[in-house]
Structures are given as C-alpha cells and as structure tokens.
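Structure, as structure tokens:
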Amino acid sequence: MAPSRRELIRSLASAYLVGAAGSLAASGCRDTRRDDIPGVVTLEFYNYATPEFLALYNEKIIPRFEKLNPGIRIRMNASLGDAGYDAKLLTLIAGKMAPDLFHVTQQNFPFYAAKDILMPVDDFLKRDSELSPDAFYSQVTEGMKYKGSLLGLPSDFSTIVMLYNRDLFDRYGVRPPADDWTWDDYLQTSQALTHDTDKDGHPDVYGTMISGTYNRWPSWVWMNDGDLFTPDMSRSLMDEPAAIEGITYYANLALKEHVSPTAAQSMGQDFQDFFTSGMTAMIADSRFAYKRFLRKRKLPFRWALAPMPRGKRQATTFIWGGNCILKSTRHPEESWKFLKFLSGPEGAAISREAGNALPAYRPAAEEEIRKPLDPTVPPTDHLFLDAVSYGRTAPFPPQYAEYNQAMTVLQDAFLGLRPMEDACKEFAAEVNGLLNAGVF
Amino acid sequence: MAVAVSKREKEPVSPPVTRPKYTERERKEIRDAYLFLSPWLLGMLLFTAGPILFSLFLSFCKWDVISPIQWIGLGNYQQMLQDKLLRIALVNTISYAALYIPLSILTALGLAMLLNQKLKGMGIFRTLFYLPTLTQGIATFTLWSIIFEPEAGLLNRGLRTFISNPPGWLVDPAWSKPALVIMALWSVGGTMLIFLAGLKNIPVDFYEAASIDGAKPFTQFFRITLPMLSPTIFFNVIMATIGAFQVFAAAFVLTSGGPSNSTLFYVYYLFNRSFVYFNMGYASAMAWLLFAIVLALTVLQTKVGQKWVHYS
Amino acid sequence: MAKLSVPLRYICLCVLSALFAIPFLWMVGTSLTPANEVLSRSRPFFPAHPDWGNYVEALTSLPFGIFLQNTLLVAVLSMIGQTLTAAMVAFAFARLRFPHRDKLFLLVLSTMMLPPQVTMIPTFVLWTVPGWVDSLKPLIIPAFFGGGAFFIFLLRQFFLTLPSELEDAARLDGCSNWGIFRHVALPLSKPALTTVALFSFIGHWNDFLGPLIYTQSMEKKTLAVGLTAFKSLHGTEYHLLMAASVAVLLPILIIFFCAQRYFVEGIQSGAVKG
Chain B
268 MAPSRRELIR SLASAYLVGA AGSLAASGCR DTRRDDIPGV VTLEFYNYAT
318 PEFLALYNEK IIPRFEKLNP GIRIRMNASL GDAGYDAKLL TLIAGKMAPD
368 LFHVTQQNFP FYAAKDILMP VDDFLKRDSE LSPDAFYSQV TEGMKYKGSL
418 LGLPSDFSTI VMLYNRDLFD RYGVRPPADD WTWDDYLQTS QALTHDTDKD
468 GHPDVYGTMI SGTYNRWPSW VWMNDGDLFT PDMSRSLMDE PAAIEGITYY
518 ANLALKEHVS PTAAQSMGQD FQDFFTSGMT AMIADSRFAY KRFLRKRKLP
568 FRWALAPMPR GKRQATTFIW GGNCILKSTR HPEESWKFLK FLSGPEGAAI
618 SREAGNALPA YRPAAEEEIR KPLDPTVPPT DHLFLDAVSY GRTAPFPPQY
668 AEYNQAMTVL QDAFLGLRPM EDACKEFAAE VNGLLNAGVF
Chain E
12 MAVAVSKREK EPVSPPVTRP KYTERERKEI RDAYLFLSPW LLGMLLFTAG
62 PILFSLFLSF CKWDVISPIQ WIGLGNYQQM LQDKLLRIAL VNTISYAALY
112 IPLSILTALG LAMLLNQKLK GMGIFRTLFY LPTLTQGIAT FTLWSIIFEP
162 EAGLLNRGLR TFISNPPGWL VDPAWSKPAL VIMALWSVGG TMLIFLAGLK
212 NIPVDFYEAA SIDGAKPFTQ FFRITLPMLS PTIFFNVIMA TIGAFQVFAA
262 AFVLTSGGPS NSTLFYVYYL FNRSFVYFNM GYASAMAWLL FAIVLALTVL
312 QTKVGQKWVH YS
Chain F
72 MAKLSVPLRY ICLCVLSALF AIPFLWMVGT SLTPANEVLS RSRPFFPAHP
122 DWGNYVEALT SLPFGIFLQN TLLVAVLSMI GQTLTAAMVA FAFARLRFPH
172 RDKLFLLVLS TMMLPPQVTM IPTFVLWTVP GWVDSLKPLI IPAFFGGGAF
222 FIFLLRQFFL TLPSELEDAA RLDGCSNWGI FRHVALPLSK PALTTVALFS
272 FIGHWNDFLG PLIYTQSMEK KTLAVGLTAF KSLHGTEYHL LMAASVAVLL
322 PILIIFFCAQ RYFVEGIQSG AVKG
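Residue numbers (this note's numbering), protein chains in the order written: chain B, 268 to 707; chain E, 12 to 323; chain F, 72 to 345.
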C-alpha cells in the first residue's frame with residue numbers, strides 16, 4: 268500500500284475516532300433510558316412546559332409524588348413551548364418510544380381519542396374509593412369522553428370572562444360593567460372608551476379587543492342563541508341567521524364600530540399585550556392570562572373582571588387541559604397512580620401555585636376562589652367559577668386541521684376582506700362537505 | 012451534472028479488447044476517489060438512503076403514524092391533482108421564490124462588494140452585516156413580528172411620518188410575502204460571506220493588469236469580477252432556489268400560513284399534512300413532487316450554467 | 072468600486088449597516104423593556120429605566136448553562152466533522168476522475184431537495200435502533216459522514232477554481248492525491264474552509280428541529296430549543312425571549328468578530344498564490 272493511501276486511511280480513522288469520542292462524551296457515557304433501578308418503575312410523562320410550569324413539576328409535583336410512591340420514578344419529557352408538540356409526540360410513538368402519559372388540551376384530545384391509543388380509565392375509577400368522576404367539572408369529563416369511555420383525567424380549566432382596565436374607565440368617566448350588562452351596554456361602553464388622544468385620526472385607546480381565533484368567536488354565536496353544529500354534529504349551523512348575526516356583531520366591533528383594533532392586528536399579536544400596554548380597555552380572556560398580569564408582571568394600572576355581556580342568553584367559552592395514559596404503557600397501574608395524583612386533591616392543590624388556570628378538581632378550584640394563594644387576584648375572581656354554569660367548549664372534530672383550514676374564510680371576513688354573511692355560508696357549506704365525506 | 016467535465020473524460024474510450032479499460036494510474040485514481048468519497052458513501056448508506064426510500068414508499072400509502080400502513084397505489088398523487096390548497100401553496104412558494112432569489116443574490120453580492128475593500132474598520136461592518144445570521148431563528152422571527160406589528164411596530168411607527176396608512180405587513184395578505192422576504196434579506200449574511208470569499212479569491216493582479224490597460228471599474232466588473240465569480244454565483248443561485256422552495260420556519264413560527272392562506276408555503280403545508288392532518292403518505296407524495304420540481308430546476312440551471320460559469 | 076471616494080464609501084457602508092443594525096437595536100431595547108410596555112405605541116427605542124432584571128429572569132428560569140454546554144458540544148464537534156469530511160468528498164468531486172462522477176454528484180445535491188420534514192420520522196426510527204434518541208449523538212455523528220450536500224457543493228466550487236498548474240506541478244514532483252489534497256488544495260482553500268467551519272458551527276448553533284426531536288430530557292436540550300419555552304400556548308414573553316436571545320448571541324458574536332480577522336487574512340494569503 269502506498270504511503271499516501273495509508274496516510275489517507277489513517278486520517279479518516281482518526282476523524283472517526285474524534286467523532287466517536289466526542290459523541291460518547293456528549294452522551295455522558297450513560298444511556299439515560301436504560302438506567303432503571305431494579306424494583307423501581309420509571310414512567311415517562313410528556314408535557315408542554317413553560318419555565319414556571321417546569322419549576323412546579325420538577326420541584327413540587329414530581330418530588331411529592333415520588334415521596335409518596337417510592338417504587339415509581341417520573342421522567343419529564345417537556346416539549347418547551349408549543350412549537351412541534353404533536354409532531355414530536357407522533358415521532359416518539361412512531362419510534363416505539365411513546366411516553367406513558369401525556370398532556371392534552373381540548374384541541375388535540377379528539378384526534379388521539381379517535382386513534383384508539385388512549386387507555387380508558389373508567390375501570391380504575393370504579394375500583395377507586397377516593398376519586399369520583401363527579402369531583403371534576405362536567406365540561407372536562409364530557410370533553411374527555413370518547414364513545415362512552417373516559418380516556419384520561421382533567422387537570423385544569425378556565426372560562427373566559429371580561430377583563431377591564433379600571434384606570435381607563437375612571438379617566439374617561441365610564442361606569443364599570445354591571446353584572447347583567449348586555450351587548451348594547453358593551454358597545455356603548457366600548458364607544459365611550461375609544462379615544463384618539465393625539466388627534467391623528469387613529470384611536471390610541473380602544474374600548475375593547477376582538478379576536479378571530481376559535482377560542483373567542485364561537486361564544487358570540489352561542490350568546491345570540493345560535494350554534495356551530497347540530498347536537499349530533501351532523502351538520503354545520505353557521506349558515507343560520509342566529510349564528511351569522513352573532514359573529515357579525517362581534518366582527519363589526521372592529522370593522523364597523525371601530526371600538527376595537529382590527530382582528531388583523533390581534534392575529535399578528537398576542538392578545539393580552541394590547542391590554543397590558545393600556546391600548547385597550549377591555550379584553551375577553553381566560554385565567555391563563557393571570558401569569559402575565561400578576562406577581563412579577565403586576566400591571567401598572569388597576570383592573571377587574573366582569574362577566575361576558577349577555578346577548579339573547581348568557582354563554583362563554585370553556586377551555587381545559589388533561590392528562591392521558593397511552594395504551595402502549597407497560598405500567599398501567601403505576602400510570603394510573605400518577606394520573607390520579609396529578610388530577611386529584613394533592614396534585615390540584617400544588618398546581619394552584621402556578622397561579623393561572625383553575626384545577627379541574629372541584630374542591631381545589633373552589634378553595635382557590637375562596638382563598639386564592641395569591642392575595643392580589645382581583646376580588647371578582649369568582650366570576651371564572653360563576654361562568655362554569657354557562658361555559659361551553661367549542662367543538663373540535665378529530666380532524667381539526669381540515670376544519671381549521673375551512674375557517675380561513677371566516678378569518679378573511681374578520682380581516683374585512685369579504686362580507687361575514689358570505690363567509691359563514693361558505694364555511695358552513697365547506698364543513699358540511701367535510702361531514703358528508705366522513706372526514707371528521 | 013456536467014459542470015466541469017475534464018477533457019480527459021471526454022476522450023473516446025478505446026475498446027477493452029485491445030487495452031484494459033483504465034490504465035494503472037487511472038485505476039489508482041479511482042480507488043483514491045472512492046476512499047475520499049467513503050465518508051459520504053457510508054453516510055448515505057447508513058443514515059440517508061433508508062429514510063429517503065421509506066418516504067418514497069410512503070408516498071404510495073396512507074399512514075397516520077398510529078394505525079398500520081396501508082398501500083393505496085397512486086391515490087395520494089391523484090388526490091394532489093384535486094387539492095386546491097396544494098395549488099395555492101405552490102403558487103405562494105413560486106411567488107416567494109421569484110421575489111427572494113433575485114433580491115437575495117443582488118443584496119448579498121452588493122454587500123460583499125462593499126465589504127471587499129481595503130478600508131479601516133471593515134471588521135465592524137462585516138460583523139454588523141453578519142449579525143442577523145448569528146441570531147437564533149426563533150428570536151429573529153419574534154423580533155420581526157413586533158417590528159411588523161401594524162399598530163405599535165417599529166416599521167409602521169417610522170413609516171407613519173411619511174405616509175398616513177402604512178401596510179399591515181404580516182396581517183395583510185398582499186404584504187405578508189414581501190414582509191417575509193424583507194425578514195429573509197436581513198439574514199442574507201451567509202450568502203454575502205460566500206460571495207466575499209469568492210471575491211477575495213480573485214487574484215489582485217487581474218485588476219492591476221486591467222487598470223494598466225485602462226479598463227474602467229464598470230468594465231472590470233463585467234470582464235473580471237463576474238466571470239471569476241461565476242462559480243460562486245452559480246452556487247448561490249442553486250442554494251437560494253432550493254432554500255426558497257423549502258421556506259418553512261417563518262410560516263411555522265410566525266404566520267401559520269395566514270392571513271388568508273397567503274403564506275401557506277409548500278413545505279409548511281406539507282408539514283401540516285404530516286403533523287397536523289396526520290397524513291404522512293400524502294405529505295411524502297407532496298415531498299416527491301417538490302423534489303421533482305427542484306431537481307428539474309437545478310438540472311436546468313446547470314445546463315444554462317455551462318454557458319456562463321467559468322472555472323479556471 | 073475603486074473609483075468611489077473614501078468618504079462616500081464610508082457613507083454607503085454606514086447607511087446600509089444602520090439598516091441591518093436597527094432591528095437588532097430594537098431587539099436589545101425590547102430585552103430591557105418591562106413586560107407591559109413591549110408593545111406600547113409610545114415605547115422609546117431604549118427604555119428610560121432599563122430593566123436588567125429581564126436578563127436575570129430569562130437566564131435563571133431554565134438551565135441555560137447546560138443548554139450552552141450541549142450546544143457548544145454539538146456545534147464544535149459537528150464543525151470538525153463537517154469541514155473535514157466535506158473537504159475530502161468535495162476534493163474527489165472537483166479534482167479526481169472516476170466513473171459516474173457527475174451522476175453521483177447530482178445524487179449528492181438531490182439529497183438536499185427532499186424536504187427534511189418528510190424524512191424526520193424514519194430518521195428518528197433509525198436512531199432508536201442503537202437506542203441513541205435521548206442523546207446528542209444523532210446531532211453529531213452524521214456530521215462525520217460527508218458533512219452534507221451544502222458543504223460538499225460549496226467546497227467543490229472552490230476546489231474547481233484552484234489553478235491546475237499547481238496541481239500539475241505537485242504531481243510531477245511525485246505528490247499523491249492525498250498529498251495534493253493535504254498540501255495544495257487545503258492550504259489554498261483556507262477562506263472556503265473557514266466559511267464552511269463557520270456556517271457549520273452556526274447551523275448547529277441555531278438548529279431547532281433536530282434537537283427538538285432527538286432530545287427528551289432537560290439535561291440534553293440545546294439553546295435553540297430552550298428559547299422556545301418563552302413562546303407558549305398562552306402567549307409570548309417577548310422581553311424574556313429577547314433578553315435570553317441577546318445573551319445567547321453575545322458569545323458567538325465575539326467569536327465571529329475575532330474569527331473574521333483570521334478569515335480575511337486567510338483569504339488574502341490564499342489569493343496571493345493564485
């Protein structure tokens with residue numbers, strides 16, 4: 268062999284050695300997936316995680332659970348942020364590395380449920396003397412049912428209420444919303460609060476803020492006695508007058524009345540930022556927003572809560588989260604223990620410390636409203652709980668993506684690109700087409 | 012890919028009966044070549060070929076990752092013909108590419124030529140132009156989302172001093188693509204550096220000789236710079252094309268394809284088809300259509316390139 | 072260019088670099104603005120009372136030290152692997168003759184044309200076979216196998232422009248192919264190699280989808296993934312995201328500023344011999 272070739276091969280070999288050594292160093296020579304201690308079961312829990320949530324899990328919830336259950340260890344697999352949460356979960360499932368439990372929301376639960384990969388928990392609950400399904404708000408337990416079985420336990424929820432900037436109300440001498448205020452009151456209040464202080468023909472303070480997102484507009488259809496679907500979900504009702512009128516009233520707050528920034532603006536933006544910066548006097552939001560309004564983020568103005576204004580009837584949106592066990596788990600009993608801990612009294616009590624969504628476990632939620640862990644919450648905090656009686660979750664078909672795509676026409680109408688009535692009719696026709704084709 | 016076929020390879024090979032196909036020296040060169048190629052060949056076999064072939068297979072199947080894979084023949088490809096969103100995505104991507112490719116090449120070349128001067132403080136300018144490329148993707152996208160914000164954003168605050176009604180940028184279907192192109196041009200530093208390296212590679216004596224002959228800077232640019240830079244331009248054009256056709260992250264992080272589907276780009280739609288619609292087979296079929304389009308464009312650019320790309 | 076006066080050239084440079092710097096300054100400004108004022112319409116470029124606490128909060132809310140370690144490890148090792156092996160492969164494509172060379176090269180390029188999103192799942196499944204999916208290995212090891220089509224192509228273009236006289240002379244002196252690669256091609260391509268090394272480093276520094284999929288536990292995550300934590304289902308923490316991003320940018324900015332000096336010198340020394 269020529270010396271040069273030997274040199275070539277030697278260089279190649281050393282390159283690979285560097286690579287191999289480097290990657291060994293990178294993994295710390297230890298494969299974390301195989302370090303099970305004999306007699307100890309390790310459960311993998313996949314979750315969304317923001318920094319403060321991670322701290323809560325890693326420092327409070329998991330240590331507490333592991334202390335109570337010495338034979339079980341929990342390994343968190345947190346998808347930081349929401350980007351790629353489902354993509355990553357699917358990849359884990361495809362690689363036969365599915366977690367034992369994972370977190371769902373009202374939006375992605377129906378897909379996983381329809382795929383028959385979630386473990387029903389009815390039998391566990393029946394055998395369990397401590398926890399009854401009635402201990403949870405029914406919107407969540409109903410939401411987590413698929414074909415009659417409960418496929419997980421709810422963990423948290425929030426209704427949506429109206430938040431308002433009291434300083435702005437005082438500055439413009441506007442009376443705060445009454446408990447029984449109506450759509451007309453809402454419009455008038457918004458008008459009284461909209462001001463062009465620098466007289467450039469462009470308001471600097473808006474009365475309110477609308478949003479074309481699916482967690483907001485459906486309640487305006489419900490309040491107007493309309494609905495999105497027939498009760499059996501066989502047909503879209505968005506082409507009915509009640510629905511069209513409701514959503515049109517809402518969109519017109521920006522498009523016609525100009526008491527709200529356009530929906531376009533709210534789409535490019537996080538909803539709350541207009542409120543926190545004092546550019547809008549009222550926004551409809553969930554208790555999740557608290558983490559941006561309280562403690563370290565204490566707002567520089569006084570603010571309070573009001574119920575959603577009453578249309579033909581009272582209604583609001585109910586959003587929730589929960590946890591599910593995957594059927595593929597090798598440790599169903601242990602997974603159930605953790606699931607129950609997360610949703611039951613202990614987990615619910617600890618999760619109150621996150622200071623945003625309410626626990627789905629009724630006694631904990633009521634306790635939080637009665638005696639909030641954070642004493643700076645507004646005194647009208649109970650409105651979140653009061654709204655439960657008329658709160659509803661917007662329907663999420665298992666193939667949400669197709670449905671969401673059909674909603675583009677409604678977004679166009681919110682942007683003022685086309686009349687809302689046409690958009691609703693086209694949306695209904697499209698959704699009915701999807702329903703007839705059996706896509707959902 | 013006959014960009015630079017050497018003369019020797021073009022010589023007619025003598026019939027193998029009279030002479031072995033390759034001389035001893037050629038055989039040695041071939042053996043050496045495969046040794047040099049071995050890392051890539053191994054990588055191809057180990058990591059790349061399998062997933063690529065699997066996605067080709069999947070393009071004839073229906074698969075949601077969870078249920079078993081189901082063979083449906085040409086079903087996905089037939090469905091693609093009917094898919095109006097796919098058409099929108101393709102048109103969006105092509106118009107983005109038509110805007111992005113020329114603008115990014117011109118901007119990058121212009122900046123590189125500005126930087127290719129012997130002046131004091133060049134390091135600082137180079138760093139400033141390259142700064143955006145060093146910024147993490149998520150930070151870049153979020154930063155521009157607040158700059159483009161129609162009410163309070165920096166851009167419109169500035170524009171309002173000149174015009175009363177500035178565009179809505181990311182929330183206006185007519186302006187969303189130009190906005191994303193502006194954002195992409197801000198991060199053009201990579202292409203710029205490649206041009207700069209290419210410019211620095213042009214021997215200075217070429218210019219000196221031309222100056223002595225009395226050539227004006229303008230003539231020098233067309234007679235020396237462009238021809239000498241042509242391999243670099245060729246590279247950057249091909250890469251910009253592949254990049255523009257695969258534009259994804261901005262739509263994924265920033266616009267979610269909106270408003271009004273105006274930033275529904277091909278690969279973003281493909282990603283949605285796999286991880287939001289959970290239809291891996293369809294997404295694979297889409298990927299192979301894109302592959303065919305980009306491959307055809309690359310081969311075309313190569314054929315055209317043979318006329319204008321000069322190697323020393 | 073040579074005929075523009077020096078002050079005019081500086082003016083050009085300053086105006087253009089200001090255009091590039093303004094968004095960045097806005098980023099720094101945002102990172103120092105209290106949370107509630109980020110989107111206020113009257114917000115000044117730099118806040119009157121900079122809130123340095125944003126940096127403390129952003130950097131302590133997640134283990135960014137560990138993220139930095141992981142990212143550096145991946146970026147440095149991948150940079151070595153990619154630069155080295157891509158140079159070898161590119162050299163063969165540019166300077167050696169072998170059958171089917173152009174077809175093989177088209178194959179190299181074509182691996183770039185299939186969007187990576189579509190091979191994500193099968194590639195992940197591949198790495199589960201040795202059980203390396205909660206490690207940084209899938210992010211590092213492939214770098215040592217050819218370095219990817221982009222770098223092969225880039226270096227090939229540069230190797231093609233090397234004057235053939237030098238190679239011929241070396242060959243007459245009895246230099247082997249390896250010798251020509253090692254003693255002629257590599258020293259002459261320092262600018263291109265520096266470019267590749269830099270791009271490779273930054274590519275891995277900023278890579279998001281790879282670490283998102285392959286790293287499970289917190290101790291394995293990288294900076295790019297860590298930063299996404301500030302953008303959640305219930306809103307974006309602009310001020311924290313910007314503070315963490317500026318902090319993360321600083322070290323790499325210093326590296327670049329120091330390296331670009333060498334980068335230019337390398338270019339000039341390479342060009343002289345041409």
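Cβ coordinates follow ideal geometry from the N, Cα and C atoms, glycine included.
Asked                                                                                                                                                                          : Found
Rank B:M505, B:R442, B:G468, B:D465 by C-alpha distance to the C-alpha of S457 (chain B) and give the top, closest one.                                                        : B:R442
Should the stretch 179-196 of chain F be called in touch with the stretch 293-301 of chain F, which here means at least 3 C-beta pairs below 8 Å?                              : no
Would Y45 (chain E) be called buried (16 or more neighbouring beta carbons within 10 Å of its own) or exposed?                                                                 : exposed
Please report the distance separating the alpha-carbon of T266 (chain E) from that of T675 (chain B).                                                                          : 13 Å
Cβ closer than 8 Å: which chain B residues qualify as neighbours of V317 (chain F)?                                                                                            : Result: empty, since nearest Cβ-Cβ is about 17 Å, beyond 8 Å.
With DSSP as the reference, please indicate the residues paired to H370 (chain B) in a beta bridge.                                                                            : B:N590
Quick check on L167 (chain F): buried or exposed, where buried means 16 or more other Cβ atoms within 10 Å of its Cβ?                                                          : buried
Using a Cβ distance threshold of 8 Å, determine whether the stretch 462-481 of chain B contacts the stretch 638-647 of chain B, with at least three qualifying pairs required. : no
For the candidate residues B:V308, B:I360, B:A615, B:S503, whose alpha-carbon lies nearest to that of N699 (chain B)?                                                          : B:S503
Strictly below 8 Å CB to CB, what residues from chain E border T675 (chain B)?                                                                                                 : G269, S271, N272
Contact check, F391 (chain B) vs N590 (chain B) under 8 Å by CB: the rounded distance?                                                                                         : Wrong, their Cβ atoms sit about 13 Å apart, outside the cutoff.
Distance check for E524 (chain B) and F436 (chain B), CA to CA, integer angstroms please.                                                                                      : 19 Å
Note down, in chain order, every chain B residue with its Cβ under 8 Å from the Cβ of F272 (chain F).                                                                          : Residues of chain B passing the Cβ test: none, with the nearest at roughly 14 Å.
Which value, in whole angstroms, describes the spacing of the CA atoms of F327 (chain F) and L294 (chain F)?                                                                   : 18 Å
In the DSSP assignment, find the unbroken beta strand (DSSP E) run with L561 (chain B) in it and report its ends.                                                              : No beta strand (DSSP E) holds L561 (chain B); DSSP gives it neither H nor E.
Give the single residue among B:P639, B:S656, B:D467 whose Cα lies nearest to the Cα of T172 (chain E).                                                                        : B:D467
Quick check: what's the CA-CA separation for A123 (chain E) versus F91 (chain F)?                                                                                              : 14 Å
Between the Cα of I213 (chain E) and the Cα atoms of E:F259, E:L240, E:S222, which residue gives the shortest distance?                                                        : E:L240
Taking DSSP's pairing of strands, which residues face P421 (chain B) in a bridge?                                                                                              : B:G589
Going by Cα to Cα distance, which pick from F:T131, F:H275, F:S132 is closest to I211 (chain F)?                                                                               : F:H275
Go ahead and pull the three-state DSSP assignment for M429 (chain B).                                                                                                          : strand
So with Cβ pairs under 8 Å, would you call Y309 (chain F) a contact of chain E?                                                                                                : yes
Could you say which of F:V204, F:S88, F:H171 lies nearest to G281 (chain F) if we only look at CA atoms?                                                                       : F:V204
Compute the beta-carbon to beta-carbon distance between A551 (chain B) and Y657 (chain B), rounded to the nearest angstrom, for a pair I have assumed lies under 8 Å.          : Actually they are not in contact, since the Cβ atoms of A551 (chain B) and Y657 (chain B) sit about 14 Å apart, beyond 8 Å.
By Cβ distance, which residues of its chain are closer than 8 Å to L257 (chain F), with the 5 residues on each side in sequence left out?                                      : A158, L264
Taking C-alpha atoms, which residue in F:P170, F:P118, F:H254 lies nearest to Y33 (chain E)?                                                                                   : F:P170
Under 7 Å Cβ-Cβ, which residues of chain F neighbour Q257 (chain E)?                                                                                                           : P186
In chain order, which continuous runs of the alpha helix (DSSP H) of length 4 or greater are located wholly inside the stretch 234-320 of chain E?                             : 237-256, 277-286, 291-319
For the alpha helix (DSSP H) holding Y68 (chain E), just list the boundary residues, first then last.                                                                          : Reading the sequence as shown, one finds Phe at residue 68 (chain E) and not Tyr. Segment 60-69, the alpha helix (DSSP H) holding F68 (chain E).
Quick one, are the C-beta atoms of T252 (chain E) and I112 (chain E) less than 8 Å apart?                                                                                      : yes
Relative to chain E, which residues along the stretch 361-384 of chain B have a C-beta separation below 9 Å, given in chain order?                                             : A361, F378, Y379, K382, D383, I384
Flag F195 (chain F) as yes if its beta-carbon sits less than 8 Å from any beta-carbon of chain B, otherwise no.                                                                : yes
Could you pull out every residue in the same chain whose Cβ sits closer than 7 Å to the Cβ of R580 (chain B), ignoring the five residues on either side in sequence?           : M490, D492
Alpha carbon to alpha carbon, how far is G268 (chain E) from V182 (chain E)?                                                                                                   : 11 Å
Please report how far the alpha carbon of S486 (chain B) lies from the alpha carbon of D383 (chain B), in whole angstroms.                                                     : 30 Å
Are L275 (chain E) and N87 (chain E) closer than 8 Å when you measure CB to CB?                                                                                                : no
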